[in-house]
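**Q**
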Amino acid sequence: MPQHPQKPECPSHEQLSAYFDKESSRQEEIGKHLKNCSSCRNYVDSLSKIEYSLKHTVTNKTGSDEDISKRILSRVHASVSESGKDRKHKFFLSPVQWRVVVLLLIGCAVGYLLWSDMQKDKMEKQKTKRVIQPSATVTASLTPAQNNKPAIRESENFYFSADSDQKKLPSGIKPQIIKQDVHHEWSQPAQSGIQISELLKKHNIPQDSLKKSDKGFQIQCTITKLQAAQFVKSCSDAGYKLLSQDQPQPGQKYFAGQGTDKVKYHADITLTK
């Protein structure tokens with residue numbers, strides 16, 4: 003560094019360095035001084051030469067400014083790439099795993115929507131208090147229920163000769179025999195508003211015993227004699243017409259045997275127009 007003779011009117015080394023860096027508050031004043039002072043001008047020129055030498059040395063070792071920038075960016079990209087590879091193995095999922103995750107998310111969304119719809123439907127049912135008919139294998143009526151639908155009347159008392167708790171039969175009454183296999187043919191009028199499924203439920207006869215047939219419906223089940231007598235009476239009261247002669251008949255209430263005896267009951271129900 004050249005020595006700078008410090009004349010009283012000359013700026014200090016710090017002021018000249020600030021001028022060289024264009025950071026001095028006396029830029030214009032020092033610039034005018036440099037035109038008339040060779041010592042100060044030589045000092046500033048020496049600063050310029052030193053800066054040039056430093057830049058030249060750095061450039062020869064590392065390359066141009068553009069090369070240095072490219073090299074730095076290349077190293078940054080390589081670092082990011084390597085870091086990305088490490089993260090891929092540690093945290094990132096494969097395409098197949100991503101598909102599984104997406105499918106699970108979709109399944110959760112669909113499940114939530116279904117649950118939400120069910121909750122809304124449940125609330126609507128509670129508000130409206132819908133009347134749902136008992137489920138059956140077949141709806142036992144082709145005509146809709148009417149507002150003036152007749153109520154199912156309770157069957158009258160029935161008497162069986164072998165039951166220990168029954169009183170003696172009135173004189174002149176002969177108990178009717180209900181066979182082990184009962185076959186009835188029924189005619190259901192179009193105006194009947196009571197469904198067969200309701201009558202089955204009333205007398206605790208399995209709903210799955212009711213099947214659809216070519217002419218209407220069929221019933222095949224094993225029930226007690228008392229259930230058979232009560233069911234026949236209820237069908238007659240509802241407007242169904244019994245076409246066969248097998249006991250029990252709607253007008254009978256005195257039967258032989260016990261009410262708990264089992265019989266095979268078969269009925270064909272024809273729908274009339």
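With our numbering applied, the sequence shown has no gaps in its numbers, which climb one by one up to 275 at the end. The C-beta atom is built at its ideal place from N, Cα and C for all residues, glycine as well.
(1) Look at the alpha carbon of GLY261 and the alpha carbon of TYR161, and state the distance between them as a whole number of angstroms.
(2) Ordered along the chain, which non-local residues of its own chain (more than five positions away) have a Cβ less than 6 Å from that of LYS213?
(3) Quick check on the DSSP output: the alpha helix (DSSP H) that includes GLU237 runs from which residue to which?
(4) Around the C-beta of LYS235, are 16 or more other C-beta atoms found within 10 angstroms, so that it is buried, or is it exposed?
(5) Where do the N-terminal and C-terminal ends of the beta strand (DSSP E) with TYR267 fall, by residue?
(6) Taking the alpha helix (DSSP H) that LEU212 belongs to, which residues open and close that run?
(7) What's the gap between the Cα of MET125 and the Cα of PRO177?
(8) Just the C-alpha distance for TYR242 and PRO191, rounded to the nearest angstrom, thanks.
(9) Buried or exposed for CYS223, please, with buried defined as at least 16 other CB atoms from any protein chain shown within 10 angstroms of its CB.
(10) Assuming ILE196 and ALA240 make a contact with CB atoms under 8 Å, what is their CB distance in whole Å?
(11) Is PRO250 near ILE180, with beta carbons less than 8 Å apart?
(12) Just how far apart, CA to CA, sit CYS12 and TYR45?
(13) Going by C-alpha to C-alpha distance, which of TYR21, LYS255, ILE198 sits closest to SER163?
(14) In chain order, what residues of the same chain lie with their CB nearer than 6 Å to the CB of ILE271, ignoring the 5 residues before and after it?
(15) Taking SER199 as part of the alpha helix (DSSP H), name the residues at either end of that continuous run.
(16) Using a 10 Å radius around the Cβ and a threshold of 16 neighbouring Cβ atoms, would you call VAL102 buried or exposed?
(17) Quick one: what's got a C-beta closer than 6 Å to VAL78's C-beta in the same chain, skipping five residues either side?
(18) On the three-state DSSP scale, how would you describe PHE162?
(19) Out of SER215, LYS204, ASP210, TYR114, which one is the CA nearest neighbour of PHE233?
**A** According to the data block:
(1) Within the sequence shown, residue 261 is the residue found at index 259, counting from 1. Within the sequence shown, residue 161 is the residue found at index 159, counting from 1. Rounded to the nearest angstrom, the two C-alpha atoms are 8 Å apart.
(2) Position 211 of the sequence shown holds residue 213. Correct list, in chain order: GLN220.
(3) In the sequence shown, residue 237 corresponds to position 235, counting from 1. Note that residue 237 is Cys in the sequence shown here, rather than Glu. 227 to 239 is the extent of the alpha helix (DSSP H) around CYS237.
(4) Your numbering for residue 235 matches position 233 in the sequence shown. Counting of Cβ neighbours within 10 angstroms places LYS235 among the buried residues, the total reaching 16 or more.
(5) As a position in the sequence shown, residue 267 is number 265, starting the count at 1. Here the beta strand (DSSP E) through TYR267 covers 264 to 273.
(6) In the sequence shown, residue 212 corresponds to position 210, counting from 1. LEU212 -> not in any alpha helix (DSSP H); beta strand (DSSP E) instead, spanning 212 to 214.
(7) As a first step, residue 125 is located in the sequence shown; it is residue number 123 there, counting from the start. As a first step, residue 177 is located in the sequence shown; it is residue number 175 there, counting from the start. Between MET125 and PRO177, the C-alpha separation is close to 55 Å.
(8) As a working note, residue 242 is residue 240 in the sequence shown. As a working note, residue 191 is residue 189 in the sequence shown. So the two alpha carbons sit approximately 6 Å from each other.
(9) In the sequence shown, counting from the first residue as 1, residue 223 sits at position 221. Label assigned to CYS223: buried.
(10) Position 194 of the sequence shown, counted from the start, is the residue given in the question as residue 196. Position 238 of the sequence shown, counted from the start, is the residue given in the question as residue 240. Confirmed, Cβ separation roughly 4 Å.
(11) Translated into positions along the sequence shown, residue 250 becomes position 248. Translated into positions along the sequence shown, residue 180 becomes position 178. Yes.
(12) As a working mapping, residue 12 is identified with position 10 in the sequence shown. As a working mapping, residue 45 is identified with position 43 in the sequence shown. The straight-line gap from Cα to Cα measures roughly 11 Å.
(13) Counted from its first residue, the sequence shown places residue 163 at position 161. SER163 has its Cα closest to that of LYS255, out of TYR21, LYS255, ILE198.
(14) Numbered from its first residue, the sequence shown carries residue 271 at position 269. Result list for ILE271: TRP188, GLN190, GLY218, PHE219, in chain order.
(15) Your numbering for residue 199 matches position 197 in the sequence shown. Start and end: 198 to 204.
(16) Counted from its first residue, the sequence shown places residue 102 at position 100. Label assigned to VAL102: exposed.
(17) What you label residue 78 is simply residue 76 of the sequence shown in a count that begins at 1. Bear in mind that the predicted position of VAL78 carries a pLDDT of just 49, short of 50, making it too unreliable to give a figure here.
(18) Indexing the sequence shown from 1 puts residue 162 at position 160. Three-state result, PHE162: strand.
(19) Mapped onto the sequence shown, residue 233 falls at position 231. Here the closest residue by C-alpha is LYS204.
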